[in-house]
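**Q** Here you go, one structure.
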Amino acid sequence: RDDSLRRPLAEAVARCCCWATNRSDFGKNGVVEPLVGYLKSDDSAVQCATAKALYQLSRHPENCVVMHAAGAVKYLVELIGSSNTELQEAASLCIANIRRIALAHEKANQNSKAKAYKAYNRQLTMQNSDSPKNSVQVHDRAADSNGSGYVAANSTANNDIEESGAPCSVNEPARSA
Numbered sequence: 001r002d003d004s005l006r007r008p009l010a011e012a013v014a015r016c017c018c019w020a021t022n023r024s025d026f027g028k029n030g031v032v033e034p035l036v037g038y039l040k041s042d043d044s045a046v047q048c049a050t051a052k053a054l055y056q057l058s059r060h061p062e063n064c065v066v067m068h069a070a071g072a073v074k075y076l077v078e079l080i081g082s083s084n085t086e087l088q089e090a091a092s093l094c095i096a097n098i099r100r101i102a103l104a105h106e107k108a109n110q111n112s113k114a115k116a117y118k119a120y121n122r123q124l125t126m127q128n129s130d131s132p133k134n135s136v137q138v139h140d141r142a143a144d145s146n147g148s149g150y151v152a153a154n155s156t157a158n159n160d161i162e163e164s165g166a167p168c169s170v171n172e173p174a175r176s177a
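If you number the sequence shown the way full-length UniProt numbering does, the last residue is 177 and the count never jumps.
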């Protein structure tokens, strides 16, 4: 509620989240959603610090999901139009990471549906050949294939974010753990 506290808090989160374990820990401890609320501030310094913090947090896929659900994209898109180039960059990088995770999730869902459809067709083919043993095996493979694409796509998207070469902070060089 007090912008004089929000700015240093967001700056601290941004600095701490240069390390992957911190990005994950902040997300697990519910920091992401309240930070999204800071984007509503009228203070451009708070908005900039918050966009930097959210960018760092967005480098962890689960945090992107929370940001999207909390409505961060709407505010970030508005902030891209700011005259502050630091704010523009942080907001656009954050949106890019959120979008990357959304695309990976969408692709995984498509792959999962395609695998399930193929398995279902194989199951029907096996049932038509009057072979109960094969029918059960195909059904088991179909059950195993559901959802496995999400993990692979999510992992790939996470690697893309971590290895994108983006700086630790919008203005600072990358740091190693």
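Yeah, the Cβ is synthetic: ideal placement off N, Cα and C, and Gly gets one too. Model, not experiment: these values are computed from the prediction.
What three-state label does DSSP hand N40 in the structure shown?
**A** It should be pointed out that residue 40 corresponds to Lys in this sequence rather than to Asn. Reduced to three states, the DSSP call for K40 is coil.
**Q** Under the rule that 16 or more other beta-carbon atoms within 10 Å means buried, what is E78, buried or exposed?
**A** Result: exposed.
**Q** Work out the CA separation of K107 and N128 for me, nearest whole Å.
**A** Distance between the alpha carbons of N128 and K107 is about 32 Å.
**Q** Here's the rule I'm using: 16 or more other beta-carbon atoms within 10 Å means buried, otherwise exposed. How should K52 be labelled?
**A** So K52 counts as buried.
**Q** If you run the structure through DSSP and keep just helix, strand and coil, what is D2?
**A** Three-state DSSP puts D2 in coil, outside helix and strand.
**Q** Using a 10 Å radius around the Cβ and a threshold of 16 neighbouring Cβ atoms, would you call residue 178 buried or exposed?
**A** Residue 178 lies beyond the residue range present for the chain, which begins at 1 and ends at 177; the question has no answer from this structure.
**Q** For the region 109-126 and the region 81-89, state whether three or more C-beta atom pairs, one from each stretch, are separated by less than 8 Å.
**A** The region 109-126, when compared against the region 81-89, does not touch it at the 8 Å Cβ threshold.
**Q** For A114 and V46, I'd like the C-alpha separation in whole angstroms.
**A** Whole-angstrom Cα-Cα distance: 45 Å.
**Q** According to the Cβ coordinates, are A90 and E33 closer than 9 Å?
**A** In this structure, E33 does not lie closer than 9 Å to A90 by Cβ.
**Q** Taking a contact to mean a Cβ-Cβ separation below 9 Å, would you say I101 touches P61 in this structure?
**A** In this structure, P61 lies closer than 9 Å to I101 by Cβ.
**Q** Does residue 179 pass the burial test, meaning 16 or more other C-beta atoms within 10 Å, or should it be called exposed?
**A** Since the first and last residues shown for the chain are 1 and 177, residue 179 lies out of range.
**Q** Can you tell me where the alpha helix (DSSP H) holding H105 begins and where it ends?
**A** Looking at the DSSP string, the run of the alpha helix (DSSP H) that includes H105 is T85 to N128.
**Q** Nearest by alpha-carbon distance to V36: which of Y55, C16, T21 and S24 is it?
**A** Selected option, being the one with the closest Cα: Y55.
**Q** Can you look up N154 in the DSSP assignment and give me helix, strand or coil?
**A** Its pLDDT being 47, under 50, N154 is placed unreliably in this model, and the value from its coordinates should be taken loosely. If DSSP states are grouped into helix, strand and coil, N154 belongs with the helices.
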